[in-house]
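Participant:
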Amino acid sequence: MINQLASPSVCVIDDDEKDYVHIGNALNELFVSFIWLSGAVDQLPARPFNRVQLVFLDLHLTSSLGKDAASYTANVFTKVVSADTAPVVVVIWSKYADDKVAEAGVPPEDQETESELFKRTLFEAEPKFKNRLIFLEMDKPKKDRPADWSDRLQEEIKTALGDQSAIGLLWTWDGLVKDANAALTASLTDLAEETAGGADTQLTDGHLKEVLQRLSKAQGESDLSETTAPGHLVAILSQLLMDQLEHAGGRQALAAHGAWLNATPAGRTKASVSSKMNGFLLTASCPDGAIPYLPGTVYVANDIGSFLSVFGSDREHLEETFCSVTRSATNSAQMDEWYAAVRPVLLEISPVCDVAQNKRRNARLVGGLVIPAAKIGAMKKGGDAWIVLPPGKATVALRWPLDGFAADEIKLVFHHSLKVTLNAAAERQWFSPWFRLRELPTTAIRNPHMSHGSRVGYVSVA
169 MINQLASPSV
179 CVIDDDEKDY
189 VHIGNALNEL
199 FVSFIWLSGA
209 VDQLPARPFN
219 RVQLVFLDLH
229 LTSSLGKDAA
239 SYTANVFTKV
249 VSADTAPVVV
259 VIWSKYADDK
269 VAEAGVPPED
279 QETESELFKR
289 TLFEAEPKFK
299 NRLIFLEMDK
309 PKKDRPADWS
319 DRLQEEIKTA
329 LGDQSAIGLL
339 WTWDGLVKDA
349 NAALTASLTD
359 LAEETAGGAD
369 TQLTDGHLKE
379 VLQRLSKAQG
389 ESDLSETTAP
399 GHLVAILSQL
409 LMDQLEHAGG
419 RQALAAHGAW
429 LNATPAGRTK
439 ASVSSKMNGF
449 LLTASCPDGA
459 IPYLPGTVYV
469 ANDIGSFLSV
479 FGSDREHLEE
489 TFCSVTRSAT
499 NSAQMDEWYA
509 AVRPVLLEIS
519 PVCDVAQNKR
529 RNARLVGGLV
539 IPAAKIGAMK
549 KGGDAWIVLP
559 PGKATVALRW
569 PLDGFAADEI
579 KLVFHHSLKV
589 TLNAAAERQW
599 FSPWFRLREL
609 PTTAIRNPHM
619 SHGSRVGYVS
629 VA
């Protein structure tokens with residue numbers, strides 16, 4: 169259980185204890201918790217830390233210089249910091265960071281510094297780090313350390329980090345989330361106190377366990393089982409955490425960043441950036457072990473024949489519904505290419521309340537296509553029977569790859585005539601979860617779909 173706490177946010181990597189002591193004192197006097205690693209192989213963690221935000225790094229963890237030192241330190245870094253963690257501020261704190269690395273045949277002015285050599289070696293070892301690390305530098309004296317070095321280091325640390333506004337905001341947000349979680353666990357403890365019989369009773373793990381059991385039961389109701397209980401607890405804790413975050417003083421905590429947040433970024437937003445932001449804002453991953461037919465889930469059809477059959481459709485009908493180009497004797501190859509490029513999908517649009525009450529017998533799904541950006545020009549989208557996401561010229565970056573589907577940017581298009589109701593308790597093999605739409609875009613599709621199904625037609629005589 170103690171391993172759950174073994175993931176520091178600040179790390180000092182330095183083999184010289186005389187140096188480490190001073191920066192350790194400086195961080196301690198700033199009330200910053202950290203972990204120190206000498207870089208020795210037997211001291212490295214079993215797997216890289218995935219919550220590191222700040223690293224103070226000495227470039228020379230052995231007696232070597234040049235390429236050997238860069239290679240060794242890069243290897244240590246990859247063992248300490250996960251390449252999936254970002255952004256990470258790396259403060260290079262080394263006596264020799266600016267020293268040139270002599271190389272035969274290379275003029276002195278073109279020779280790399282120790283710092284540059286380390287970065288290049290690290291990026292060659294793990295290319296993902298190139299766009300995940302922010303490098304800063306702090307001087308480390310080569311000669312005798314001043315008597316007040318720990319005090320000076322406090323100011324040097326503040327100065328080195330001072331201009332990183334976006335990083336400062338993200339660190340503030342990280343603190344807000346932790347504060348909100350602390351308030352949540354305190355609230356759970358208050359409930360446990362009530363469960364225990366009042367403030368005069370000694371709190372135990374059993375009292376907390378009872379609170380968590382009752383919360384899981386309240387959320388899961390008749391759906392509660394050994395398999396589903398963890399998911400129900402996550403659902404309720406997520407809601408309670410959001411309640412705390414909304415009242416955690418976030419606006420006040422981030423007020424210092426208001427001016428630069430309000431400023432307009434230079435230049436136009438690249439289309440690829442907009443697409444990735446849309447993917448970030450509109451889509452999410454499917455949770456592991458999720459119940460079948462979770463609202464918002466986009467299912468990809470593994471068997472096209474079964475997909476068409478469940479809607480009483482066929483290939484010709486699918487092309488007529490979604491493609492603005494009519495198949496003819498002269499464009500069969502073009503239509504075949506379009507048909508091969510798109511992916512039939514289903515979207516689960518059952519109301520969330522039906523699922524939360526655990527009384528749903530049937531799942532409601534609407535059919536549509538995932539269309540690569542290159543094929544959007546041939547997409548049919550006119551009339552209120554079609555729902556296109558995102559609207560306009562924007563696309564969504566696809567964050568979850570699918571075998572045989574190479575497109576990075578897509579549009580989703582659904583047609584209200586392709587609707588089906590399935591037994592919510594039965595899983596099927598002909599389609600599988602791909603990704604999930606967030607609740608707002610799901611609602612934006614669900615509501616028009618329900619409205620379209622309740623249309624009334626009138627016949628009048630002039």
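The number in our numbering is simply the position in the sequence shown, starting from 1, with 168 added.
The C-beta atom is built at its ideal place from N, Cα and C for all residues, glycine as well.
#1: Considering just the uninterrupted stretch of the alpha helix (DSSP H) at arginine 419, what are its terminal residues?
#2: Quick one: give me the first and last residue of the beta strand (DSSP E) that phenylalanine 475 is part of.
#3: Applying the criterion that 16 or more other CB atoms from any shown protein chain within 10 Å of the CB defines a buried residue, is proline 540 buried or exposed?
#4: Identify, in the order they occur along the chain, each residue of the same chain with its Cβ nearer than 7 Å to the Cβ of threonine 363, setting aside the five sequence neighbours on each side.
#5: Determine the burial state of cysteine 521: buried for a count of at least 16 other Cβ atoms within 10 Å of its Cβ, exposed for fewer.
#6: From glutamine 597 to serine 390, what does the alpha carbon distance come to, in whole angstroms?
#7: Where DSSP assigns a beta bridge to arginine 604, which residues make up the other side?
#8: Quick test of the definition: if touching needs 3 or more C-beta pairs under 8 Å, does the stretch 576-583 touch the stretch 527-539?
#9: Compute the distance between the beta-carbons of isoleucine 203 and leucine 321, then report whether it is under 9 Å.
#10: State the DSSP-derived secondary structure class of glutamate 305, mapped to helix, strand or coil.
#11: DSSP beta-bridge partners for threonine 589?
#12: When the Cα atoms are used, what is the spatial distance from tryptophan 602 to alanine 469?
#13: Closer than 6 Å by C-beta to arginine 567: which residues in its own chain qualify, once you throw out the five before and the five after it? Chain order, please.
#14: Determine, using beta-carbon pairs with one atom in the stretch 201-220 and one in the stretch 235-249, whether at least three such pairs fall under 8 Å.
#15: Using three-state DSSP, classify tryptophan 598 as helix, strand or coil.
#16: Would you be able to state if there are at least three C-beta pairs under 8 Å between the stretch 280-293 and the stretch 315-335?
#17: Considering only the beta carbon of each residue, do leucine 514 and glycine 535 sit closer than 9 Å?
#18: Given this structure, state the Cα-to-Cα distance separating lysine 308 from tryptophan 339, to the nearest angstrom.
#19: Measure the C-alpha to C-alpha separation of alanine 424 and isoleucine 613 and round it to an integer number of angstroms.
#20: In the DSSP assignment, what are the bridge partners of serine 262?
#21: Hey, could you find the ends of the alpha helix (DSSP H) valine 223 is sitting in?
#22: If you follow the beta strand (DSSP E) that glutamate 487 is in, where does it begin and where does it stop?
#23: Taking 9 Å as the threshold (C-beta atoms), are glutamine 221 and valine 256 in contact?
#24: From the DSSP secondary-structure annotation, give me the bridge partner or partners of phenylalanine 582.
#25: Please report the Cβ distance between leucine 450 and leucine 605, rounded to the nearest whole angstrom; I am assuming they are in contact, meaning their Cβ atoms lie under 8 Å.
#26: Go ahead and pull the three-state DSSP assignment for proline 216.
#27: If the criterion is Cβ atoms closer than 9 Å, does the pair leucine 290 and phenylalanine 297 meet it?
#28: Just how far apart, CA to CA, sit phenylalanine 199 and lysine 326?
#29: Tell me whether valine 643 is buried or exposed, calling it buried when 16 or more other Cβ atoms sit within 10 Å of its Cβ.
#30: Nearest CA to the CA of tyrosine 467: which residue from Lys438, Pro558, Asn430, Leu570?
#31: Can you name, in chain order, every residue of its own chain whose Cβ lies under 6 Å from the Cβ of serine 481, other than the five neighbours on each side?
#32: Would you mind listing the alpha helix (DSSP H) stretches within the stretch 358-398 that are 4+ residues and don't spill past its ends, in chain order?
#33: Would arginine 529 be called buried (16 or more neighbouring beta carbons within 10 Å of its own) or exposed?
#34: Any contact between the stretch 223-232 and the stretch 172-188? By contact I mean 3 or more CB pairs, one from each, below 8 Å.
#35: Could you say which of Glu197, Lys561, Cys491, Pro519 lies nearest to aspartate 319 if we only look at CA atoms?
Facilitator: To lay it out plainly:
#1: Secondary structure note for arginine 419: its alpha helix (DSSP H) is the uninterrupted segment 418-421.
#2: Per DSSP, phenylalanine 475 belongs to no beta strand (DSSP E); it is in the alpha helix (DSSP H), 472-478.
#3: By the 16-neighbour rule on beta-carbons within 10 angstroms, proline 540 is buried.
#4: Closer than 7 Å at the Cβ level, and outside the excluded window around threonine 363, lie His375, Glu378, Val379.
#5: Per the 10 Å Cβ criterion, exposed.
#6: Inter-residue distance for glutamine 597 and serine 390 is about 26 Å (C-alpha atoms, whole angstroms).
#7: In the DSSP output, where bridge partners are listed per residue, arginine 604 has Ala452, Thr465.
#8: Yes, since at least three Cβ pairs between the stretch 576-583 and the stretch 527-539 fall closer than 8 Å, the two stretches touch.
#9: In this structure, isoleucine 203 keeps its C-beta atom at 9 Å or more from the C-beta atom of leucine 321.
#10: Looking at glutamate 305 - three-state DSSP - the assignment turns out to be strand.
#11: Arg532, per the DSSP bridge assignment.
#12: Within the model, the alpha-carbon separation for tryptophan 602 versus alanine 469 is close to 10 Å.
#13: Residues Gly447 of the same chain have their beta carbon placed closer than 6 Å to that of arginine 567, with the five preceding and five following residues left out of the count.
#14: These segments touch.
#15: When secondary structure is reduced to three states using DSSP, tryptophan 598 falls in the coil class, being assigned neither helix nor strand.
#16: A contact is defined here as three or more CB-CB pairs under 8 Å, and the stretch 315-335 fails this definition with respect to the stretch 280-293.
#17: Yes, the pair counts as a contact, with Cβ atoms nearer than the cut-off.
#18: Each residue's Cα considered, the two are about 26 Å apart.
#19: Note on geometry: alpha-carbon atoms of alanine 424 and isoleucine 613 lie some 38 Å from one another.
#20: Bridge pairing for serine 262: Asp307 [DSSP].
#21: That residue, valine 223, is in no alpha helix (DSSP H); its beta strand (DSSP E) goes 222-225.
#22: Secondary structure note for glutamate 487: it is in no beta strand (DSSP E), and the uninterrupted alpha helix (DSSP H) holding it is 483-490.
#23: Their beta carbons are under 9 Å apart, which means valine 256 touches glutamine 221 by this criterion.
#24: Under DSSP, phenylalanine 582 forms a beta bridge with Gly536, Ile555.
#25: Contact flag correct, Cβ pair sits at about 6 Å.
#26: Coil, per DSSP.
#27: Yes, the pair counts as a contact, with Cβ atoms nearer than the cut-off.
#28: C-alpha of phenylalanine 199 to C-alpha of lysine 326: approximately 13 Å in a straight line.
#29: No answer is possible for residue 643: it lies beyond the span of the chain, which begins at 169 and ends at 630.
#30: Measuring from the Cα of tyrosine 467, the nearest candidate turns out to be Leu570.
#31: Cβ neighbours of serine 481 within its own chain (closer than 6 Å, five residues either side excluded): none.
#32: Counting only runs of 4 or more, we get 373-388.
#33: So arginine 529 ends up on the exposed side.
#34: By the Cβ rule, the stretch 223-232 counts as touching the stretch 172-188, because three or more pairs are nearer than 8 Å.
#35: Considering only Glu197, Lys561, Cys491, Pro519, the residue with the shortest C-alpha distance to aspartate 319 is Glu197.
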